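Working notes, structure below.
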Amino acid sequence: MKALRNFMNKIKPHFQQGGKFSKLESVFDGMETFLFTPNTTSRSGVHIHDSNDMKRTMITVVVALLPCLLFAMYNIGYQHFRAIGMPEASFVQMFIFGLLAMLPVIVVSYVVGLGIEFIGAQIHHKEIQEGFLVTGILIPLIVPINTPLWMTAVATAFAVIFAKEIFGGTGMNIFNVALITRAFLFFSYPAEMSGDKAFVMTDSAFGYGAGTVADGFSGATPLGEVATNVGDTLNLSTSTLDAFIGLIPGSPGETSMIAILIGAAILLITGIASWRVMLSVFAGGLSMGTIANVFATPTYPASMLDPLAQLCFGGFAFAAVFMATDPVTGARTKIGQYIYGFLIGVFAILIRVYNGGYPEGAMLAVLLMNAFAPLIDYCVVQVNINRRLKRAKAK
Amino acid sequence: MLSKRNKEALFNPLSKDNPVLVQILGICSTLAVTAKLEPAIVMGISVIAVLAISNVVISLLRKTIPTTIRIIVQLVVVAALVIIVQQILRAYAYDVSLQLSVFIGLIITNCILMGRLEAFALSNKPWPAFLDGIGNGLGYTIILVIVAFFRELLGSGTLLGFPVIPQWCYDHGYMNNGLMILPPMALITVGCIIWVHRSRNKDLQEK
């Protein structure tokens with residue numbers, strides 16, 4: 000540690016104004032504050048400091064995502080070995096395969112995203128913000144595993160530039176950056192992003208786990224099966240319990256309800272995420288799911304799912320816990336958070352059930368409500384102001 | 000013929016006073032007709048023709064039009080010209096006129112037209128008014144062509160209908176970007192052009 004500190008002190012002058020690498024000042028600053036706690040303190044005025052700064056908040060979210068990430072690696076391997084007809088492969092083999100499959104995506108997401116943030120910070124001579132730490136881990140978890148890496152790179156670059164940097168960087172974005180990445184992929188390359196082929200990796204990862212796909216194998220997600228269901232009853236190969244445990248095809252992070260709930264617990268105990276949003280998303284989904292189920296028709300096969308299955312299938316739970324609770328793009332007033340979350344839940348199920356083109360609605364629901372969050376907050380604040388004005392006048 | 004003032008009327012709208020980039024007019028048709036290069040060019044030529052001729056006509060009539068009904072007179076002139084353009088396109092470029100569908104007819108409501116008629120033709124002689132019409136029409140067309148170039152190239156892999164992205168790219172996994180065909184990307188492309196334009200012309204940046 001001491002040697003590192005000395006080294007940093009030694010090269011510091013080169014990066015300060017007038018130094019050889021003064022253009023790279025923010026890179027140095029970013030590295031230094033990443034390695035050591037900054038020793039600068041505020042000099043004037045009254046400041047209340049919380050030990051929970053942005054870096055810690057971000058790291059906590061990353062820790063909360065770890066169960067999902069680890070489970071995703073296991074599940075990718077599990078699905079792969081099932082697809083090539085080797086279900087007897089050991090846990091370690093499955094995990095190693097998943098690790099090798101996920102690693103390139105994680106690297107691409109971080110290199111592209113952080114690269115753009117670093118360049119942006121250099122151009123504007125600003126400090127590098129930590130905002131991408133979470134986005135960078137969210138992207139591999141919500142992008143189907145078979146998406147070509149260059150597509151992920153293009154989508155990440157698009158999202159970071161057009162959903163974040165042009166609004167002013169971390170904390171200023173209107174839309175959730177990770178979801179914009181997915182939405183870009185979804186609308187740009189629809190063939191790669193849906194259907195049975197997208198969600199189960201059948202190729203080998205760096206030559207590991209090679210094999211041919213077994214006859215009659217289908218990598219359709221439960222919601223994909225629901226969307227193409229014909230007839231008066233649902234013929235599903237997965238039960239709600241399967242979806243709760245999570246050994247089913249799907250985007251890497253979204254399959255296991257258990258892993259997501261562990262993450263949710265970490266977020267709620269540390270107080271990072273708002274329980275109001277989380278609770279009301281589930282409440283909204285449950286009520287809309289019940290309504291759809293009461294008026295179930297074979298025309299809209301997803302309406303025949305029972306409400307609990309609606310919550311466990313697809314990306315609903317993942318969106319509720321990790322996407323809707325993003326404090327930057329969500330509503331900030333307490334009443335606003337209830338409305339915001341509830342409508343996300345309602346819209347997610349509404350799109351899923353009644354729009355045949357989109358078997359999964361959670362992504363679009365969160366993005367839609369992101370756009371309305373400031374309006375909800377404005378209305379809540381105005382109502383409060385009017386109420387108090389009236390009370391003041393009455394006296 | 001080309002005094003300093005006339006030159007300004009002709010060349011300013013190309014960059015410094017561009018109707019799309021600076022005045023942010025005519026955005027609706029910019030988003031609607033730029034998915035392919037060919038309809039964009041035809042649309043641009045149509046707008047140049049209608050704008051130049053209507054500018055001249057209104058300029059000739061400028062002393063006889065009562066100010067209270069000037070908008071109606073302008074609309075009648077523009078509508079007549081638009082119908083002529085529409086008929087010509089149907090006769091000689093039927094496929095393109097089908098692609099452009101209502102947007103040729105909607106030139107009538109194009110903000111650039113009313114803007115130029117009100118702001119320039121009503122208070123200038125026919126020759127400068129003609130140059131102003133050509134200039135603004137060209138300024139609009141340039142943006143249309145730039146936007147359509149990127150949208151067709153990235154969205155369909157073609158230019159003017161000819162495939163330009165070599166087959167080996169597709170063989171190695173390249174795919175056309177479906178989002179470029181959808182209107183949101185037209186808006187973002189226009190935004191990028193405005194971004195580049197403002198960063199090159201510092202005096203246009205708002206503080």
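Sequence order for the protein chains is A and B. Quick note on numbering: numbering that gives the first Met the number 0 labels position 269 of the first sequence as 268, and the sequence is numbered without any gaps. Quick note on numbering: numbering that gives the first Met the number 0 labels position 142 of the second sequence as 141, and the sequence is numbered without any gaps. A virtual CB, placed ideally from N, CA and C, is assigned to each residue, including glycine. Just so you know, these numbers come straight off a predicted model, no measurement behind them.
{"Query": "Rounded straight-line distance, which links the Cα of A185 of chain B to that of V41 of chain B", "Result": "18 angstroms"}
{"Query": "Where M368 of chain A falls, given that 16 or more other Cβ within 10 Å makes a residue buried", "Result": "buried"}
{"Query": "Where Y299 of chain A sits in the DSSP three-state scheme", "Result": "coil"}
{"Query": "Length of the line joining the Cα atoms of T328 of chain A and N172 of chain A", "Result": "7 angstroms"}
{"Query": "Contacting residues, own chain, Cβ-Cβ under 7 angstroms from K54 of chain A (five flanking each side not counted)", "Result": "E129"}
{"Query": "DSSP beta-bridge partners of L158 of chain B", "Result": "B:F161"}
{"Query": "Distance CB(L130 of chain B)-CB(N5 of chain B) smaller than 9 angstroms", "Result": "yes"}
{"Query": "Cα-Cα separation, A82 of chain A to G249 of chain A", "Result": "14 angstroms"}
{"Query": "Secondary structure of A204 of chain A, DSSP reduced to three states", "Result": "strand"}
{"Query": "Proximity below 9 angstroms, CB of R115 of chain B to CB of N175 of chain B", "Result": "no"}
{"Query": "I338 of chain A: CB within 8 angstroms of a non-hydrogen atom of the ligand GDP", "Result": "Annotation note on the ligand GDP: not contained in the displayed structure, which lists no ligands."}
{"Query": "Contacting residues, own chain, Cβ-Cβ under 7 angstroms from A263 of chain A (five flanking each side not counted)", "Result": "M277, V320"}
{"Query": "Extent of the continuous alpha helix (DSSP H) to which E407 of chain A belongs", "Result": "There is simply no residue 407 of chain A to check, as chain A begins at 0 and stops at 394 in what is shown."}
{"Query": "Simplified DSSP assignment, three categories, for S187 of chain A", "Result": "helix"}
{"Query": "Close-in-space but distant-in-sequence residues of the same chain around G314 of chain A (CB under 8 angstroms, 5 per side omitted)", "Result": "I141, G249, S250, E253, E359, A361, M362"}
{"Query": "Cβ pair count under 8 angstroms reaching 3, the region 96 to 104 of chain A against the region 74 to 81 of chain A", "Result": "yes"}
{"Query": "Contacting positions in the region 181 to 197 of chain B - beta carbon closer than 7 angstroms to chain A", "Result": "L181, I187"}
{"Query": "Interface residues of chain A facing L178 of chain B [CB-CB closer than 8 angstroms]", "Result": "F183, F186, S187"}
{"Query": "Per-residue burial, V32 of chain B [other beta carbons within 10 Å of its own, 16 or more giving buried]", "Result": "buried"}
{"Query": "Members of the region 144 to 156 of chain A that neighbour chain B once the beta carbon cut-off is set at 9 angstroms", "Result": "P147, W149, M150, V153"}
{"Query": "Length at least 4, wholly inside the region 145 to 184 of chain A: the alpha helix (DSSP H) runs in chain order", "Result": "148 to 158"}
{"Query": "Below-9 angstroms beta-carbon distance, F161 of chain A vs any chain B residue", "Result": "yes"}
{"Query": "Helix, strand or coil at T29 of chain B [DSSP, three-state]", "Result": "helix"}
{"Query": "Listed by chain order, chain A residues near G172 of chain B by CB distance under 7 angstroms", "Result": "P147"}
{"Query": "Closest by C-alpha distance to R150 of chain B, when choosing among A:L374, A:P143, A:S187, A:W149", "Result": "A:S187"}
{"Query": "Collapsed DSSP secondary structure at F131 of chain A in the structure displayed", "Result": "helix"}
{"Query": "Delimiting residues of the alpha helix (DSSP H) encompassing A364 of chain A", "Result": "361 to 393"}
{"Query": "Any chain B beta carbon closer than 9 angstroms to A395 of chain A", "Result": "Here chain A comprises residues numbered 0 to 394, so residue 395 of chain A is not present and cannot be evaluated."}
{"Query": "Nearest neighbour of I348 of chain A, chosen from A:A323, A:Q336, A:M287 [CA to CA]", "Result": "A:M287"}
{"Query": "Cβ pair M93 of chain A, I144 of chain A closer than 9 angstroms", "Result": "no"}
{"Query": "From A:R331, A:F166, A:A156, residue whose alpha carbon lies closest to that of L374 of chain A", "Result": "A:R331"}
{"Query": "For V189 of chain B, the first and last residue of its enclosing alpha helix (DSSP H)", "Result": "182 to 199"}
{"Query": "Under the three-state DSSP convention, the category L304 of chain A falls into", "Result": "coil"}
{"Query": "S401 of chain A, enclosing alpha helix (DSSP H) - first and last residue", "Result": "Nothing can be reported for residue 401 of chain A, as the shown portion of chain A is limited to 0 through 394."}
{"Query": "Host alpha helix (DSSP H) of I68 of chain B (start-end)", "Result": "Taken as a continuous stretch (DSSP letters only), I68 of chain B belongs to no alpha helix (DSSP H), as it is neither H nor E."}
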